[in-house]
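One structure below.
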Amino acid sequence: MLDRLPNEILHLVCRELATTPDLIHAIKAQESKRHLDQWNALARLCKVSRQMRHVAEPLLYQNYAKPDSASNPVAHYSFRKYLTTVLKRPELLQYVRSFYIGSWRQYADDMSQFAAESRFAACTARVCDTHFSPELHGLYDRYAKTAILGEAWKEALDAGEEVAEIALLMSLTPNLERIEFSMPWLDLQSDTAPQFFWPNLLVESEEWNPSSHFHRLEAVTAHKRNMEPGFNWDVVAGYEIDSLLPFIGLPKLRIFWVEDDDTGQYPTRLERYPLNNQESHLSDLVLIPSSIHPAKLLQILKRCTRLEAFYADFREEQDNFVPNFSWDTIAQALSGSQSTLKELDLSCDLRSQLATEADTEAEFTCISIGSLRKFTSLETLHVLQTTLLGFENMADELELAVPALPFDEMLPSSLRSLKIDMCTLTIVPYLERLLVKVEEKFPDFGELQLSKIDYRELDVEGYPLDQREALIEGMKVRLERLKEGFIEAGIKWIQ
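In structure tokens, the structure reads:
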């Protein structure tokens with residue numbers, strides 16, 4: 000009876016059953032069951048008639064989630080069943096719009112990288128016998144002859160490396176709009192870098208145009224890894240995001256979002272995945288937190304001309320000084336997006352990056368980010384106090400490279416919300432001047448949030464002991480008056 004309905008009605012029915020990208024990797028059991036039920040319902044509709052199949056099949060394949068095989072090797076077998084289907088019927092790949100790539104097993108060279116047969120001890124004997132069938136091996140061999148991923152990739156694919164299979168699938172999918180990765184555990188402290196293959200898909204050559212193949216790709220996301228309870232974080236490091244950065248050069252990419260582990264160092268070895276020099280059209284760049292070399296971050300920001308939101312919680316390493324990297328150079332690198340940037344979140348601590356030039360010998364100086372007034376669309380700003388003031392609280396002891404501006408001369412008039420972390424009482428005079436100027440210079444300003452205020456960190460060393468406590472208490476009183484003043488001005492105060 001269903002196949003007698005008009006195509007418009009059939010499309011409506013099938014769209015109700017089609018899963019969304021968010022649902023295909025649902026964590027909650029109830030949502031996961033809902034996805035499977037809807038997927039199975041669509042699969043059954045494909046068998047009703049040729050007409051129903053024509054309508055339902057594109058929706059059935061539009062979103063795919065590769066299961067997490069790092070914790071469950073049997074899931075790799077499920078992935079290969081999918082590969083067998085789409086490689087035998089490659090026309091199905093034109094329907095795929097979204098990939099969720101669950102965590103996979105990653106082995107370094109010194110752990111027998113291509114010894115695939117030895118890695119499935121946790122599987123049942125039946126799965127071990129069939130996980131890499133002669134049929135699938137033959138399909139791989141056919142596509143390997145025409146792929147542009149390189150000899151190392153062919154060797155890995157021939158051995159059944161899952162990361163090589165992921166790259167193969169990406170190379171054959173022409174209409175991807177969204178890719179999500181759930182990265183595996185990688186030890187960056189070892190001398191052997193993990194092998195990735197998808198960056199080869201982002202290098203232009205006579206035989207390959209990445210802008211044409213990924214002509215619809217709008218978002219790339221890398222998710223934080225889910226570690227087992229009790230995992231010893233002291234012996235591991237976060238995954239490299241370098242292998243994902245070449246995506247940024249794609250002309251349609253709008254969102255690049257990385258949720259790294261709160262551990263690890265950016266790589267200090269030779270450049271493995273160099274960036275191209277193409278202009279980036281990103282609107283959202285989110286790195287929270289990220290093992291990325293500061294010099295590479297600046298290179299990316301300089302290429303962006305349409306950023307609307309930039310979130311950075313990257314880690315600057317304690318022992319690696321990076322010349323020409325400080326708050327002001329970040330602002331300069333963002334200047335290409337000064338007319339479009341609406342949200343800026345620099346909730347990262349650069350206390351170890353203590354000077355802008357290695358040869359200044361200006362230890363314990365960190366200059367302010369400087370004027371942000373050129374960012375004429377900026378509405379939301381989340382920073383540390385040192386971002387705005389540098390180490391202004393040490394002004395009596397040290398000569399700052401660049402003195403901090405008053406807030407009314409630093410912040411753009413478009414600002415609506417300001418959040419300042421890791422505050423000290425040194426900020427009070429700056430806020431007092433801001434309150435006086437707020438109505439005149441910031442007509443849309445509506446929210447001020449101060450967090451993690453350190454009431455003891457105030458430069459009172461030059462005063463007698465009996466006066467120091469009084470100075471601190473006086474600043475607290477001024478802060479309380481500030482709160483009352485901002486509230487009276489109609490500004491939400493959060494502390």
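If you read the sequence shown in numbering that gives the first Met the number 0, its first letter stands for residue 0, the second for the next number, and so on. For every residue, glycine included, the Cβ atom is placed at its ideal position computed from N, Cα and C. Being a predicted model, the structure only gives us computed values, none of them experimental.
Within the segment 128-213, note down every full beta strand (DSSP E) run reaching 3 residues or more, in order along the chain. 177-181
L306 vs L284 beta-carbon contact at 8 Å: Along the sequence shown, one-based indexing puts residue 306 at 307. Along the sequence shown, one-based indexing puts residue 284 at 285. Contact: yes.
Host beta strand (DSSP E) of E342 (start-end): The residue you call residue 342 lines up with position 343 of the sequence shown. Note, E342: beta strand (DSSP E), 342-345.
What is the rounded straight-line gap between the Cα of L218 and the Cα of E176? Looking up residue 218 in the sequence shown gives position 219. Looking up residue 176 in the sequence shown gives position 177. A small correction: the amino acid at residue 218 is Ala; Leu does not occupy that position in the sequence shown. For A218 and E176, the distance between alpha carbons rounds to 7 Å.
Should the segment 199-216 be called in touch with the segment 80-91, which here means at least 3 C-beta pairs below 8 Å? no
Residues that L447 bridges to, as DSSP identifies them: Sequence index remark: in the sequence shown, residue 447 carries index 448 (1-based). According to DSSP, which records beta bridges pairwise, L447 is partnered with L417, W492.
Between the Cα of D312 and those of I329, E446, N323, spot the shortest distance and give me the residue it belongs to. Position 313 of the sequence shown, counted from the start, is the residue given in the question as residue 312. With distances taken between Cα atoms, D312 lies closest to I329.
How many angstroms separate the CA atom of P411 from the CA atom of E439? Here residue 411 refers to the residue found at position 412 when the sequence shown is read from its first residue. Here residue 439 refers to the residue found at position 440 when the sequence shown is read from its first residue. Their Cα atoms are separated by approximately 12 Å.
Would you kindly work out how many angstroms separate the C-alpha atoms of P183 and W256, rounded to a whole number? If you number the sequence shown from 1, residue 183 lands on position 184. If you number the sequence shown from 1, residue 256 lands on position 257. Distance between the alpha carbons of P183 and W256: 17 Å.
Which residue comes first and which comes last in the alpha helix (DSSP H) that contains D283? Start at 1 with the first residue of the sequence shown, and residue 283 comes out as number 284. Not the alpha helix (DSSP H): D283 falls in the beta strand (DSSP E), residues 283-286.
H75 lies in the beta strand (DSSP E); which residues open and close that run? For the purposes of this step, residue 75 is taken as residue 76 along the sequence shown, with counting starting at 1. Element bounds for H75: not the beta strand (DSSP E) but the alpha helix (DSSP H), 73-87.
So, for F131: in the same chain, excluding its five sequence neighbours on each side, which residues have a beta-carbon less than 6 Å away from its beta-carbon? Counted from its first residue, the sequence shown places residue 131 at position 132. Around F131: G159.
With distances taken between CB atoms, is the gap from I147 to N199 smaller than 8 Å? By 1-based counting over the sequence shown, the position of residue 147 is 148. By 1-based counting over the sequence shown, the position of residue 199 is 200. Contact flag set, yes.
Taking Cβ positions, are F180 and A155 nearer each other than 8 Å? Mapped onto the sequence shown, residue 180 falls at position 181. Mapped onto the sequence shown, residue 155 falls at position 156. Contact: no.
In chain order, what residues of the same chain have a beta carbon less than 6 Å from the beta carbon of F213, not counting five sequence neighbours either side? The residue you call residue 213 lines up with position 214 of the sequence shown. Closer than 6 Å at Cβ, skipping near neighbours: L249.
Taking Cβ to Cβ, would you say L383 is nearer than 8 Å to D420? Counting from 1 along the sequence shown, the entry for residue 383 is found at position 384. Counting from 1 along the sequence shown, the entry for residue 420 is found at position 421. Cβ distance < 8 Å, so L383 and D420 count as in contact.
Could you tell me the alpha carbon to alpha carbon distance between L380 and S413, rounded to whole angstroms? Position 381 of the sequence shown, counted from the first residue, corresponds to residue 380. Position 414 of the sequence shown, counted from the first residue, corresponds to residue 413. One C-alpha to the other measures close to 11 Å.
Can you tell me whether Y60 is helix, strand or coil according to DSSP? Against the sequence shown, residue 60 aligns to sequence position 61. Looking at Y60 - three-state DSSP - the assignment turns out to be coil, as it is neither helix nor strand.
Endpoints, the beta strand (DSSP E) within which T379 is located: To locate residue 379, count along the sequence shown from 1; it is residue 380. Run containing T379: 379-383, per the beta strand (DSSP E) assignment.
Please report the straight-line C-alpha distance between E164 and A308, rounded to a whole angstrom. Working through the sequence shown from its first residue, we reach residue 164 at position 165. Working through the sequence shown from its first residue, we reach residue 308 at position 309. About 33 Å.
Can you name the residues that DSSP bridges to V219? Here residue 219 corresponds to residue number 220 of the sequence shown, with the count starting at 1. In the DSSP output, where bridge partners are listed per residue, V219 has I178, F255.
If you count every other CB in all the chains shown that lies within 10 Å of the CB of A124, and 16 or more means buried, which is it? The residue given as residue 124 occupies position 125 in the sequence shown. Below a pLDDT of 50, predicted positions are generally treated as unreliable, and A124, at 36, falls in that range; no measurement from the model is reported.
With distance defined between alpha-carbon atoms, name the residue in M474, G445, A469 nearest to W492. For the purposes of this step, residue 492 is taken as residue 493 along the sequence shown, with counting starting at 1. When only C-alpha atoms are compared, the closest one is G445.
At the level of alpha carbons, what is the spacing between E258 and P405? Counting from one through the sequence shown, the residue named residue 258 turns up at place 259. Counting from one through the sequence shown, the residue named residue 405 turns up at place 406. Approximately 34 Å between the Cα atoms of the pair.
Using the three-state DSSP reduction, which class does D241 fall into: helix, strand or coil? Position 242 of the sequence shown, counted from the start, is the residue given in the question as residue 241. In the structure shown, D241 sits in a helix (DSSP, three-state: H, G or I).
In chain order, what residues of the same chain lie with their CB nearer than 6 Å to the CB of W197, ignoring the 5 residues before and after it? Your numbering for residue 197 matches position 198 in the sequence shown. Taken in chain order, the residues that qualify are A166, M169.
Hey, quick one: how far does the beta strand (DSSP E) through Y310 stretch, first residue to last? Start at 1 with the first residue of the sequence shown, and residue 310 comes out as number 311. 308-311 is the span of the beta strand (DSSP E), which, as asked, contains Y310.
From L144 to K373, what distance separates their C-alpha atoms? Counting from 1 along the sequence shown, the entry for residue 144 is found at position 145. Counting from 1 along the sequence shown, the entry for residue 373 is found at position 374. The question names Leu, but residue 144 in the sequence shown is Lys. Straight-line Cα distance between these residues: approximately 53 Å.
Is the separation between the beta-carbon of Y99 and that of A64 shorter than 8 Å? Stepping through the sequence shown from its first residue, residue 99 is reached at position 100. Stepping through the sequence shown from its first residue, residue 64 is reached at position 65. Cβ atoms of Y99 and A64: closer than 8 Å.
Element boundaries [alpha helix (DSSP H), containing F406]: Here residue 406 is taken as the residue at index 407 of the sequence shown, counted from 1. Unbroken alpha helix (DSSP H) run through F406: 406-409.
Once you ignore the five residues that flank L138 on each side, which residues in its own chain have a CB closer than 6 Å to its CB? Position 139 of the sequence shown, counted from the start, is the residue given in the question as residue 138. Counting only Cβ-Cβ distances below 6 Å, and skipping sequence neighbours, we find L86.
Tell me which residue opens and which closes the beta strand (DSSP E) that Y523 is part of. Because the chain spans 0 through 494 in this model, residue 523 falls outside it and cannot be assessed.
Here's the rule: buried if 16 or more other CB atoms are within 10 angstroms of the residue's CB, otherwise exposed. What is H136? Residue 136 sits at position 137 when you count from the first residue of the sequence shown. Exposed is the call here.
Just the Cα atoms here: how many angstroms apart are R480 and M409? Numbered from 1 along the sequence shown, position 481 holds the residue referred to as residue 480. Numbered from 1 along the sequence shown, position 410 holds the residue referred to as residue 409. If you take the alpha carbons of R480 and M409, they lie about 23 Å apart.
Do the CB positions of D443 and R415 come within less than 8 Å of each other? Mapped onto the sequence shown, residue 443 falls at position 444. Mapped onto the sequence shown, residue 415 falls at position 416. Yes, these two residues count as a Cβ contact at 8 Å.
Spatial neighbours of Q277 within its chain, please: CB distance less than 6 Å, with the 5 preceding and 5 following residues excluded, ordered by chain position. Residue numbering aside, residue 277 sits at position 278 when the sequence shown is read from its first letter. G248, listed in sequence order.
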